[in-house]
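For the sequence shown, the numbering used here assigns the number -13 to the initial residue and increments by one for each residue that follows. For every residue, glycine included, the Cβ atom is placed at its ideal position computed from N, Cα and C. Being a predicted model, the structure only gives us computed values, none of them experimental. A short worksheet on the structure shown next.
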Amino acid sequence: MSKTPIELPTRAGKETALFVPELVYFEPSALDYPKGRRILDWVKERGLPYRMTTSHNRITNLPGDSELEQYKISKRTLVVGIRKTLKFDTSKPSAEYAMPLATGCMGHCHYCYLQTTLGAKPYIRVYVNMDDILDATKKYIEERSPEITRFEAACTSDPIGLEHLTGSLADAITFMADQPLGRLRFVTKFHHVDSLLPLKHNGNTRIRFSVNADYVIRNFEPATSRFHERIEAAGKIGRAGYPLGFIIAPIIWYDGWEEGYAELLEKLSQALPPDATRDLTFELIQHRFTKTAKTIIEKRYPKTKLEMDEAKRKKKWGRWGQHKYVYPDEQAEALREFITERIFEHFPNAKLEYFT
């Protein structure tokens, strides 16, 4: 079947900028580590305001006259600390464990589950004791030997958005390159990947990009890289020899969703170089929400167009002790079937890891 080329936007528009916090906190012990001192130097060079704090978990008195204003400021607040808890959470179905490089994100995706899990602590925390984190990683790998153990580095953050500050992904990628039984995975909505391209990785790190229909990106993903920036970055990652993947999430049922998701897969097939498709995976996640999440989202994004009508959804028990609302079986199956067919139409050798 012949394909009609789809024009992606050029770089004529302004490039999505790197994250620069408006306020930075440091735990005093973070400055005992080279990474902590490097971040402090970066902050001083830019004349950014910074303060000391006794704990990265207790940031109070953020500026702002309202709860909404404080929330917006907290999303531009960076906290540099020590990761004391080295017991890793599980991360099914993506991986066996979550590798804790950071907590919190500078993006403003309306639907994000971090709205609930981070609750009153939406500020961004990064951890400078990478040797401790990687030592714990190695122990988890050894415990499951001879099986391969996968680690997800983006469960509680988007680490690409922070890599220019921390270098923690580079640490994790080069560490995992020497682990025959270890694999690293992370997903991003940002395109700032250039520092990762020359790293030794031995194919042990899979980098995935979160993509979606134009309607979803335009309405629900403020403060993230644009679609064409993500796809350009995916091409770079593929050419650098990394295993590549895409997460289509959240899949949203809206008027015109068939055209939107068909166009998404068509754009991907037109834009990706052959190098990027030789070992390609897809993960599909339908939109879901809890009552708690709905309350928080409507408070933080009062003009959101995100549909969260419990009457239109199926109730499902979630792993965190709350009911979540997903699409009824008939709608979910229609979404799964349509998008899966489009994936294999354009990428017949791709692997579909799951639909949930």
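Original post:
Do the segment 283 to 290 and the segment 239 to 250 make contact, defined as three or more Cβ pairs closer than 8 Å?
Top reply: no
Subject >> Simplified DSSP assignment, three categories, for residue 272 >> reply: As a working note, residue 272 is residue 286 in the sequence shown. Reduced to three states, the DSSP call for residue 272 is strand.
Subject >> C-beta contact flag for residue 201 and residue 240 at 7 Å >> reply: For this step, residue 201 is matched to residue 215 along the sequence shown. For this step, residue 240 is matched to residue 254 along the sequence shown. Going by C-beta atoms, residue 201 is nearer than 7 Å to residue 240.
Subject >> C-beta atoms of residue 257 and residue 217 nearer than 7 Å >> reply: For this step, residue 257 is matched to residue 271 along the sequence shown. For this step, residue 217 is matched to residue 231 along the sequence shown. In this structure, residue 217 lies closer than 7 Å to residue 257 by Cβ.
Original post:
residue 110 by DSSP, collapsed to three states: which one?
Top reply: On the sequence shown, position 124 is the one that residue 110 refers to. Note: residue 110 maps to strand in three-state DSSP.
**OP:** Specify whether the segment 117 to 135 and the segment 88 to 95 touch according to this definition: at least 3 beta carbon pairs, one from each stretch, less than 8 Å apart.
**Re:** no
Original post:
Where are the beta strand (DSSP E) runs, 3 residues long or more, that stay fully inside the segment 4 to 69, in chain order?
Top reply: 9 to 12, 36 to 38 and 63 to 67
**OP:** Could you tell me whether the segment 131 to 145 touches the segment 170 to 190, where touching means 3 or more Cβ pairs closer than 8 Å?
**Re:** yes
Subject >> Same chain only: Cβ atoms within 6 Å of residue 163, ignoring 5 sequence neighbours per side >> reply: Residue 163 sits at position 177 when you count from the first residue of the sequence shown. Closer than 6 Å at Cβ, skipping near neighbours: 186, 187, 188 and 190.
Original post:
Cα separation between residue 179 and residue 148?
Top reply: Residue numbering aside, residue 179 sits at position 193 when the sequence shown is read from its first letter. Residue numbering aside, residue 148 sits at position 162 when the sequence shown is read from its first letter. Residue 179 and residue 148: Cα-Cα distance of roughly 11 Å.
Subject >> Contacts around residue 64, its chain only, beta-carbon distance under 6 Å, and the 5 residues preceding and following it disregarded >> reply: In the sequence shown, residue 64 corresponds to position 78, counting from 1. Cβ within range, chain order: 7, 10 and 110.
Subject >> Reduced DSSP category for residue 236 - H, G, I as helix; E, B as strand; rest coil >> reply: One-based indexing of the sequence shown puts residue 236 at position 250. Reduced to three states, the DSSP call for residue 236 is strand.
Subject >> At least three beta-carbon pairs within less than 8 Å, the segment 261 to 280 to the segment 306 to 319 >> reply: yes
Subject >> Simplified DSSP assignment, three categories, for residue 337 >> reply: Walking along the sequence shown from the start, residue 337 turns up at place 351. Looking at residue 337 - three-state DSSP - the assignment turns out to be strand.
Original post:
With C-beta atoms as the reference, is residue 279 less than 7 Å away from residue 102?
Top reply: The residue given as residue 279 occupies position 293 in the sequence shown. The residue given as residue 102 occupies position 116 in the sequence shown. Contact: yes.
**OP:** For the beta strand (DSSP E) containing residue 311, list its first residue and its last residue.
**Re:** Numbered from its first residue, the sequence shown carries residue 311 at position 325. 309 to 312 is the span of the beta strand (DSSP E), which, as asked, contains residue 311.
Subject >> Cβ pair residue 255, residue 332 closer than 7 Å >> reply: Looking up residue 255 in the sequence shown gives position 269. Looking up residue 332 in the sequence shown gives position 346. Contact: yes.
Subject >> Element boundaries [beta strand (DSSP E), containing residue 293] >> reply: Along the sequence shown, read from residue 1 onward, the residue named residue 293 stands at position 307. Per DSSP, residue 293 belongs to no beta strand (DSSP E) and is neither H nor E.
Original post:
In whole angstroms, what separates the C-alpha of residue 105 from that of residue 56?
Top reply: Within the sequence shown, residue 105 is the residue found at index 119, counting from 1. Within the sequence shown, residue 56 is the residue found at index 70, counting from 1. Roughly 13 Å separates the two Cα atoms.
**OP:** Could you check which residue in 242, 50, 62 and 326 has the C-alpha nearest to that of residue 36?
**Re:** Taking the first residue of the sequence shown as position 1, residue 36 is located at position 50. Per the Cα distances, 62.
Original post:
Is the segment 72 to 81 in contact with the segment 14 to 28, if contact means three or more CB pairs nearer than 8 Å?
Top reply: no
Original post:
residue 168 to residue 84, Cα distance in whole Å?
Top reply: Taking the first residue of the sequence shown as 1, we reach residue 168 at position 182. Taking the first residue of the sequence shown as 1, we reach residue 84 at position 98. In a straight line, the C-alpha of residue 168 is about 13 Å away from that of residue 84.
Original post:
Using a Cβ-Cβ distance under 7 Å, would residue 194 count as near chain C?
Top reply: Checking the listed chains, one finds no chain C in this structure; it contains a single protein chain.
**OP:** Buried or exposed for residue 52, please, with buried defined as at least 16 other CB atoms from any protein chain shown within 10 angstroms of its CB.
**Re:** Your numbering for residue 52 matches position 66 in the sequence shown. It is exposed - the Cβ of residue 52 has fewer than 16 other Cβ atoms within 10 Å.
Original post:
Hey, how far is the Cα of residue 3 from the Cα of residue 93?
Top reply: For the purposes of this step, residue 3 is taken as the residue at position 17 of the sequence shown. For the purposes of this step, residue 93 is taken as the residue at position 107 of the sequence shown. When rounded, the distance between both Cα atoms is 12 Å.
Original post:
Could you give the distance in angstroms between the alpha-carbon of residue 325 and the alpha-carbon of residue 266?
Top reply: As a first step, residue 325 is located in the sequence shown; it is residue number 339 there, counting from the start. As a first step, residue 266 is located in the sequence shown; it is residue number 280 there, counting from the start. Roughly 15 Å between the two C-alpha positions.
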